[in-house]
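Some notes on the structure that comes next.
Protein chains: 2
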Amino acid sequence: MNAESLKGHMDMLVLSVVARGPLHGYGVIDALRERSDGSFDLAEGTVYPVLHRLERAGLLTHAWSESTGRRRKLYRLTPAGTARLREQQSRWREFVDAVESVIGGRAWPAMA
Amino acid sequence: MNAESLKGHMDMLVLSVVARGPLHGYGVIDALRERSDGSFDLAEGTVYPVLHRLERAGLLTHAWSESTGRRRKLYRLTPAGTARLREQQSRWREFVDAVESVIGGRAWPAMA
DNA sequence: CTTGACACCTAGTGTTGCTAGGCCTAGTGT
DNA sequence: ACACTAGGCCTAGCAACACTAGGTGTCAAG
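Chains as they are written, first to last, in this note's numbering: chain Y, 1 to 112; chain R, 113 to 224.
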């Protein structure tokens, strides 16, 4: 999957998977890879900065977990995060519709 | 429409409208605005660099037109541009599917 | 004779996802 | 004992990109 296509949509994707239940960084990566059927196979260096940014923005909070002896930073949505997710999903629909109507619309046989 | 969402998709959008027939810069802007029903209302400073980049990449060529007394740079697709457009559209489908299955998919496998 | 639409252009900015590294612990070989 | 992998966290710097804010010039309308 091309890197650039993700720009501007990462927040929504991360918020989406965290919305289903508390997750730590690695868990977010796994969830995105699995739910996208392998399409989104992100590096840690991609995901961690996103989590930090979202937390700084007040959309996520974290709590440390040591249960397994391994330290994990479990993130979950704040109410603002839930609201933002809903908003971004509706923006996403509009975006897809707009793109589809540009590339999809009927036209004279594309030539050249 | 948020700026960041467009990243990585501009090329496809511009190629798409030019594929319908030769267009100059302003024409591209108009076409995108109209076809997207106002969602994509781009500034010249956004579109011109894209056209130049696409031409440098061999996906577009231009010819000057002076017919109306106004100089216009009419762009059209090269064969490579047509191929790239097709490829990007199929990538677009995959991208949309991947995103949808992340945000849409049903919640955690109730998992026993 | 100024205003605004049309038509072109570019240097610089801010955001963003990625690369490439680093640190630490737990388990698995050998 | 030692190496190696996987899990888990992190950040500095890079490159791409869309946008801002400016510029030049023509033409029609008031």
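A virtual CB, placed ideally from N, CA and C, is assigned to each residue, including glycine.
Hey, is Y/A110's beta-carbon within less than 8 Å of any beta-carbon in chain R?
For the purposes of this step, residue 110 of chain Y is taken as residue 110 along the first sequence, with counting starting at 1. The pLDDT assigned to Y/A110 is 44, lower than 50, so where the model puts this residue is not dependable; a value taken from the coordinates is nonetheless given after this. Cβ-Cβ to chain R under 8 Å: yes for Y/A110.
Start-to-end residues for the alpha helix (DSSP H) that takes in R/T57:
This structure cannot speak to residue 57 of chain R, because chain R is shown only from 113 to 224.
How many whole angstroms separate the CB atoms of R/L144 and R/L154, which I take to be in contact at a CB cut-off of 8 Å?
For this step, residue 144 of chain R is matched to residue 32 along the second sequence. For this step, residue 154 of chain R is matched to residue 42 along the second sequence. Going by Cβ atoms, the distance from R/L144 to R/L154 rounds to 6 Å, so yes, they are a contact pair.
Looking at the unbroken beta strand (DSSP E) that takes in Y/L60, where does it start and where does it end?
Residue 60 of chain Y sits at position 60 when you count from the first residue of the first sequence. Counting along the chain, the beta strand (DSSP E) containing Y/L60 begins and ends at L60 to S65.
Starting from Y/R70, trace the alpha helix (DSSP H) both ways and give me its first and last residue.
The count along the first sequence starts at 1 and reaches residue 70 of chain Y at position 70. No alpha helix (DSSP H) holds Y/R70; DSSP gives it neither H nor E.
If you draw a straight line from the C-alpha of R/A131 to the C-alpha of R/L189, how long is it?
Numbered from its first residue, the second sequence carries residue 131 of chain R at position 19. Numbered from its first residue, the second sequence carries residue 189 of chain R at position 77. If you take the alpha carbons of R/A131 and R/L189, they lie about 6 Å apart.
Between Y/L74 and Y/A57, is the Cβ-Cβ spacing less than 8 Å?
Residue 74 of chain Y sits at position 74 when you count from the first residue of the first sequence. Residue 57 of chain Y sits at position 57 when you count from the first residue of the first sequence. No, the pair does not count as a contact, with Cβ atoms beyond the cut-off.
What residues in its chain sit with their C-beta under 6 Å from that of Y/I29, if we drop five residues either side in the sequence?
Locating residue 29 of chain Y in the first sequence gives position 29, counting from the first residue. Cβ neighbours of Y/I29 beyond the five flanking positions: L42 and V47.
DSSP three-state label for R/L135, please.
Numbered from its first residue, the second sequence carries residue 135 of chain R at position 23. Strand at R/L135.
Mind checking R/H121: buried by the 16 CB within 10 Å criterion, or exposed?
Position 9 of the second sequence, counted from the first residue, corresponds to residue 121 of chain R. Its Cβ being crowded by 16 or more others within 10 Å, R/H121 is buried.
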